[in-house]
Amino acid sequence: MQETKLSSPRYAVVYKVTWPNGKIYVGSDLTDTISYFGSPDTRLIERDFPARGDRRSITVTREILWESCDATKSEVLTMERKLIVELRANDPEIGYNRRP
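Structure, rendered in structure tokens:
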């Protein structure tokens, strides 16, 4: 079965979100929605910012690591997994990803 390519001109992206403590989350978005910052486990982030004052003003950075206007969903997810491993975003000392 052949996988359908994503429709253009939408870009599929793999991005990295960097939190104020330097920890990262790597995710993907098939439509490059500007307001999408992924789905990390909220409990993990809350543990790193336990004080109410730490939560009053938080600046995170979202950086596009890879993009394609003709990748399949499978290709996007493969690249996401590759970058999670390369950046060690699934190491609890470095990031908020829990897999692969």
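All letters in the sequence shown, in the order written, are residues 101 to 200 by the numbering used here.
By construction, the Cβ of each residue, glycine as well, lies at the ideal position given by its N, Cα and C atoms.
In this text the structure is predicted, and so the values were computed from the model without any measurement.
A Cβ-Cβ separation of about 7 Å places Arg-110 in contact with Asp-132 under the 8 Å criterion. When DSSP states are grouped into helix, strand and coil, Asp-191 belongs to the coil group.
Secondary structure of Arg-110 (DSSP, three-state): coil. By the neighbour-count definition (other C-beta atoms within 10 Å, threshold 16), Ser-128 is a buried residue.
About 14 Å separates the beta carbon of Val-117 from that of Phe-149, a gap too long to meet the 8 Å contact definition.
Under the DSSP assignment, Ile-158 falls outside any beta strand (DSSP E); it carries neither an H nor an E label. If you look at Asp-148, you'll find it in the alpha helix (DSSP H) that goes 142 to 148.
According to DSSP, Lys-116 shares a beta bridge with Val-126, Glu-163. Leaving aside the five residues that flank Trp-119 on each side, the residues in its chain whose CB is nearer than 6 Å to its CB run, in chain order, Val-160. Distance from the CA of Glu-175 to the CA of Ile-158, rounded to the nearest whole angstrom, comes to 32 Å.
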